[in-house]
Amino acid sequence: MITESFLPQVNGVTNSVLRVCDHLDARGHETLVYAPGGPECHGQPDHYNNTPIFRGPSLALPRYRDFRLGLPDPNLPRLLRQWQPDVVHLASPASVGAYGAWIAHRQRIPTVAIYQTDLAGFASRYGLRVAERVLWRWLRSIHSVVGRTLAPSRHAVAELNRNGVDRVEHWARGVDLVRFHPDRRDQELRRQLAPNGEMIVGYIGRLAGEKQVELLVGLDREPGIRLVVVGDGPQRDSLERRLPGARFLGLQHGEQLAASFASLDVFVHTGAHETFCQAAQEALASGLPVVAPAAGGLLDLVDDGRNGLLFRPSDATDLHRALRSLRDDPTRRSALAAAARPSVDGRTWTVIGDELITHYEQVAAAGVAA
Numbered sequence: 498m499i500t501e502s503f504l505p506q507v508n509g510v511t512n513s514v515l516r517v518c519d520h521l522d523a524r525g526h527e528t529l530v531y532a533p534g535g536p537e538c539h540g541q542p543d544h545y546n547n548t549p550i551f552r553g554p555s556l557a558l559p560r561y562r563d564f565r566l567g568l569p570d571p572n573l574p575r576l577l578r579q580w581q582p583d584v585v586h587l588a589s590p591a592s593v594g595a596y597g598a599w600i601a602h603r604q605r606i607p608t609v610a611i612y613q614t615d616l617a618g619f620a621s622r623y624g625l626r627v628a629e630r631v632l633w634r635w636l637r638s639i640h641s642v643v644g645r646t647l648a649p650s651r652h653a654v655a656e657l658n659r660n661g662v663d664r665v666e667h668w669a670r671g672v673d674l675v676r677f678h679p680d681r682r683d684q685e686l687r688r689q690l691a692p693n694g695e696m697i698v699g700y701i702g703r704l705a706g707e708k709q710v711e712l713l714v715g716l717d718r719e720p721g722i723r724l725v726v727v728g729d730g731p732q733r734d735s736l737e738r739r740l741p742g743a744r745f746l747g748l749q750h751g752e753q754l755a756a757s758f759a760s761l762d763v764f765v766h767t768g769a770h771e772t773f774c775q776a777a778q779e780a781l782a783s784g785l786p787v788v789a790p791a792a793g794g795l796l797d798l799v800d801d802g803r804n805g806l807l808f809r810p811s812d813a814t815d816l817h818r819a820l821r822s823l824r825d826d827p828t829r830r831s832a833l834a835a836a837a838r839p840s841v842d843g844r845t846w847t848v849i850g851d852e853l854i855t856h857y858e859q860v861a862a863a864g865v866a867a
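Quick note on numbering: the working numbering labels position 366 of the sequence shown as 863, and the sequence is numbered without any gaps.
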């Protein structure tokens, strides 16, 4: 598995890689992870459970010091020759993943690429049309040499096809239905967050520009609503200044994160460029209605009026209207919450992991095109 990010950095790509490693290990397969290194990796384990980790050169990005861009590593071709994998799994290939894709193609090793990060969409959001076109050319060049590209939502499949990427199939994401569960609700935490019984609205995720968390500005002053923000990132300081009435709980993991999810009344997601949105799926598993933009992978998760509400992408007014409607209609809110968890039943990592192994087997059997 060649991934653009890995521990100690925690994000959607890292979390998916970890879940896949867990599943492959449980199924008796041997896995190796290759990821960018850096100063923050010093002292980190060289294994994740039974999976060895190899680190390569990287470069810190100026605006994202906690993310490192993988650089070409002359040791990677030798590592692949020595390891002789049946399949190379490329996790959200962009830089080191592109290098790995071309090496695997030259060595005639079958490859599966996981499309997870909408890089071109981010460029579009910042008005960088030229960069958007350049990024799509780059992505086409990467995916043209892989055996199969797996996209997490119907929208992502269509977007890749529309931009000239072939051999794309749908592969969703699993969710831990044991960890993320309504039973994790913490009444003491709820009393701390909303001492007067207000509706608790929570955003859980990375605090970065592409997530558009600024759309929540003003909700922290809305009567009857308590706004909670869980996560960290480069925009945290500015968001704390712009949302003085919100509670910022910082980065959370494990049982603490599961309790925070279940202790909300409504989960809100703001970013309109999600290929999937794992946090929204975890919120649904926790029994929460989800309010999200009608865009991208969220359209696969939120059935408007059944398990949540959709708002016009990037429209703060429409977002605030949706949340006020749930504050003012507890009966409707309860109905949406009741439909939340059933909407993700069956989406366990075991099921999704076995689907991935089937993709590996099919690509390995087909071999590498000349």
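From the three backbone atoms N, C-alpha and C, an ideal C-beta is built for every residue, glycine too.
query                                                                                                   : result
The beta strand (DSSP E) enclosing Glu666, as first and last residue numbers                            : Val665 to His667
Beta-carbon proximity of Leu736 to Cys774, cut-off 8 angstroms                                          : no
Pairwise C-alpha distance: Leu573 and Gly883                                                            : With the chain running from 498 to 867 in the structure shown, residue 883 is simply not present.
Minimum C-alpha distance to Ile849 - residue among Gly728, Glu771, Ala617 and Ala648                    : Ala648
Residues that DSSP places opposite Val788 in a beta bridge                                              : Val765 and Leu806
Beta carbon of Leu724 nearer than 8 angstroms to that of Leu712                                         : no
Glu537 to Ala863 span [Cα, whole Å]                                                                     : 39 angstroms
Per-residue DSSP class, three states only, for Tyr612                                                   : coil
Between the CA atoms of Leu558 and Phe564 - distance to the nearest angstrom                            : 7 angstroms
Start-to-end residues for the alpha helix (DSSP H) that takes in Leu746                                 : That residue, Leu746, is in no alpha helix (DSSP H); its beta strand (DSSP E) goes Arg744 to Gly747.
Nearest-angstrom beta carbon gap, Asp801 and Leu795 [assumed within contact, 8 angstroms]               : In fact, because the Cβ distance is near 10 angstroms, the residues do not count as touching under 8 angstroms.
Inter-residue spacing [alpha-carbon to alpha-carbon] between Arg630 and Ala617                          : 8 angstroms
Alpha-carbon to alpha-carbon, Asn547 and Gly671                                                         : 21 angstroms
Own chain residues within Cβ distance below 7 angstroms of Gly728, not counting five before or after    : Ile701, Gly702, Arg703, Leu704 and Leu748
Cβ-based neighbour list, Gly715, same chain, cut-off 7 angstroms, excluding 5 preceding and 5 following : His817
Collapsed DSSP secondary structure at His856 in the structure displayed                                 : helix
Cβ separation of Leu754 and Leu785, assumed to be a contact under 8 angstroms, to the nearest whole Å   : The pair is not a contact, with the Cβ atoms about 13 angstroms apart (cut-off 8 angstroms).
Buried versus exposed, by CB contacts within 10 Å (16 or more), Asn804                                  : buried
Backbone secondary structure at Phe551 - three-state DSSP                                               : strand
Own chain residues within Cβ distance below 8 angstroms of Arg744, not counting five before or after    : Leu690, Arg723, Leu724, Val725 and Val726
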